[in-house]
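To start, the structure under review is shown below, and the notes come after it.
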Amino acid sequence: MQTKDIAIVGSGLVGSLLAIYLRKRDYKVTVFDRRPDIRTVEFSGRSINLAMSVRGWKTLDTIGIGEEVRKLAIPMHKRTMHITGEPIYHQNYGKDGEAIYSIPRGILNRRMITLAEEEGVEFRFNEKVWDINLPEAKIYTGETEKGEWKEYQFDIIFGCDGAFSRVRHKMQRRSRFDYSQKFLDTGYKELGIPPNPDGTHKLDKNSLHIWPRGKFMLIALPNLDGSFTCTLFMPHEGENSFEQLTTDNGVKAFWEKYFPDTIEFMPSLLEDFANNPTSALVTMKCYPWTYWNKVALVGDSAHAIVPFYGQGMNAGFEDITVLDELIEDMGDDNWQDIFEAYQESRKPNADAIAKLSYLNFIEMSSKTADPNFLLRKKIEKHFYDKYPDKWVPLYSRVTFSHQPYDEAFNIGVRQSAIMDQVMQMEHIDAIWDTKEVEQYILELLEEKKYKKVKSS
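The numbering of the sequence shown is the working numbering, which starts it at 32 and goes up by one.
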C-alpha cells in the first residue's frame, strides 16, 4: 500500500486533531495555516470557552490523548442562574457525576498542535492558501493573492479552515453546490473575572454561570488559574445593544442596572469592554462536503453553528470519529466511498445541532428565568429519574450520549409536544410530582408511540 500524502488546511482544534488521527494511520500529513503559530502569539480576546462533552471525549480517548486534555479541564455539573433581585439557584446538567468540561480554546489548541508535531505532523504557519485544484488535489500558497504562488501536490486535501473556509470557497464554484449562511443579530464580546489573590475562584468553579436578561445575557466559564472567561451576548443594534455601549459611562451604567452583582468581580470591565473586539455569530450550511476522492470538509468549514449548545467543537470532533471508523471499515484505498458515506452520515446531524444551538440561545437567555419553564424542567427530571428507560431529556441525549443529533432532535420534538400538554393540566404547579402526572405522561408516550407505528 502506498502511503497517502495528505494536506490539512487549518491548524485549529479540528485540523490539529485530524492530523493526529491521520498520522496514527501512517499517512504523511502537512497542515497549512495563514496565521502564525498560536503558541507564539498573545491571546486576542475573541474566544468562547469550550464545553467538552462525551462526543469530544470519545474522539480524544480513542486516539489516546483524553487524559492529557483532562488536565486542562474543569468539570461543570450545573448551570448557576443569577437573576436580579432573586437568590442564586442551580440546574443540574444531568445525573450525578455527569458534567461538561470547561477548557480555554487557546490552551487546548496549543497543546493539540504540540501533540500533532510529536506524532510527526508538519505545520506550515504563515502560509496563505489562495487556491485549490480540486480534481488534482493541488494547493497554491503565496504572500498575496495577486503575487507569485507556490504549488503543492497531495493525494487528499481536508478543509478544516473554519466558517469562512478557503477550501469550501473553491468548492462553492462547482455546479450544484448548496450554500447558505445566516448571521445572528446577536454578537459577543469576551470579558473576564480574575482569580482571588490566593488563586481560588470568585464564584463556584464547577458551574457554568448565566445571567439571563431576555435578549441578552452574560455567561462565565471557569479556568484552571482561578479566573473565569466571561462572554456577553447581545444584539449588535437597537435597544440594549453593542451599538449603544460606546463610552465608559454608558458601560458602567448598563452594568449597574443589569449585572450589579458582578461589578466587584470584574475590576477590568471597562478596559476589557473597550479593548476586546465585538464578534459576529454565524450558522453556515453547505452540501456536498466532499469532492470526488480528493477533498473533504470537516468541522466548521462544513457546518458552522452558533455556540449555545456547546457542541461546535464536539460536533467537529465527532466528524473525525466517523471518518476514522469509515477508514477502518472500508479500507484506505476506497476514499470515494469513504467520503460519500461520511457526508451522508454527518449532514443530517450537522443540520440538527444547528437548529438545537439556536433554540438553546432562546432557552438560556429568556426561558431560564421563567417559572413555568423551570417547573417544566422539574417535571421532566422527576419523570426521567423514575422512568429512565422511557424518557431521557433532550439535553442529556445531546450532551451525555452518542445518539445521533438528528435522532435526538426528533425525539426532543415529540417530548416537547408531550410536555406542552402536561403543562396545561389544571393546578400543575401543585401536582407536578404526583402519580396523576406520571400516569398522564405514560399515556401520552404510548399514544405518540402508537401514532408513530400507525403512520409508518
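Virtual Cβ for every residue (Gly too), placed ideally from N, Cα, C. As the structure is a computational prediction, the values presented were derived from the model and not from experiment.
Look at the alpha carbon of residue i and the alpha carbon of residue j, and state the distance between them as a whole number of angstroms.
i, j, result
"G41", "V198", "10 Å"
"I472", "A461", "16 Å"
"S47", "L354", "15 Å"
"D216", "P266", "6 Å"
"G362", "Y52", "15 Å"
"R493", "I351", "Examination of residue 493 is not possible in this model, given that the chain is present from 32 through 487 alone."
"R86", "E349", "6 Å"
"R141", "Y436", "29 Å"
"Y289", "V313", "26 Å"
"M107", "D464", "27 Å"
"G359", "Y58", "Residue identity check: residue 359 is Glu in the sequence provided, not Gly. Each residue's Cα considered, the two are about 14 Å apart."
"E98", "F259", "23 Å"
"P424", "N403", "17 Å"
"L139", "L103", "7 Å"
"Q212", "N391", "19 Å"
"G178", "K246", "46 Å"
"K169", "E182", "7 Å"
"E268", "G218", "10 Å"
"P226", "M297", "10 Å"
"S427", "W323", "37 Å"
"K466", "E457", "14 Å"
If residue i sits next to residue j, beta carbons under 8 Å apart, how far is it from one beta carbon to the other, in whole angstroms?
i, j, result
"R110", "I241", "6 Å"
"T309", "K220", "5 Å"
"F440", "K386", "6 Å"
"A327", "Y373", "7 Å"
"H113", "I105", "Contact doesn't hold; Cβ gap of about 19 Å is too wide."
"L222", "L263", "6 Å"
"H334", "A383", "Incorrect: roughly 10 Å between the Cβ atoms, too far for contact."
"I37", "V60", "5 Å"
"K159", "R65", "4 Å"
"E150", "K55", "7 Å"
According to DSSP, is residue i part of a helix, a strand, or is it coil?
i, result
"Q367", "helix"
"W25", "As shown, the chain starts at 32 and ends at 487. That puts residue 25 outside it, with no answer to give."
"M107", "strand"
"Y289", "helix"
"R377", "helix"
"P266", "strand"
"N140", "helix"
"K412", "helix"
"Y340", "coil"
"D68", "coil"
"S486", "Note that S486 scores a pLDDT of 43, beneath 50, so its modelled location is shaky; the value from the coordinates is reported in the next line. Residue state, collapsed to three classes: helix."
"H113", "coil"
"F195", "coil"
"Q6", "For residue 6 there is no data in the structure shown, the boundaries of the chain being 32 and 487."
"Y219", "strand"
"P243", "strand"
"D355", "helix"
What residue does the beta strand (DSSP E) around residue i start on, and which one ends it?
i, result
"S447", "From DSSP, S447 is part of no beta strand (DSSP E) but of the alpha helix (DSSP H) over Y436 to V453."
"A38", "D36 to V40"
"M248", "M248 to P253"
"R155", "E153 to F156"
"N123", "Y120 to N123"
"T20", "Examination of residue 20 is not possible in this model, given that the chain is present from 32 through 487 alone."
"L328", "V326 to L328"
Do we get a CB-CB distance below 9 Å when we pair residue i with the residues of chain C?
i, result
"N237", "Absent here is chain C; the protein component of the structure consists of one chain."
Quick check: is any heavy atom of the ligand SAH less than 8 Å from the C-beta of residue i?
i, result
"W320", "The ligand SAH is not part of the structure shown, which contains no ligands of any sort."
With respect to the alpha helix (DSSP H) encompassing residue i, which residues constitute its N-terminal and C-terminal limits?
i, result
"T93", "V85 to I94"
"I188", "Premise fails: I188 lies in the beta strand (DSSP E), I187 to G190, not in any alpha helix (DSSP H)."
"I51", "L44 to K55"
"E182", "From DSSP, E182 is part of no alpha helix (DSSP H) but of the beta strand (DSSP E) over W180 to Q184."
Cβ contact (3+ pairs, closer than 8 Å) linking the stretch 188-198 and the stretch 149-168
yes
Under 8 Å, with one C-beta from each stretch per pair, do the stretch 77-84 and the stretch 204-215 reach the 3-pair mark?
no
Any chance the stretch 123-133 sits against the stretch 142-155, with 3 or more Cβ pairs inside 8 Å?
no
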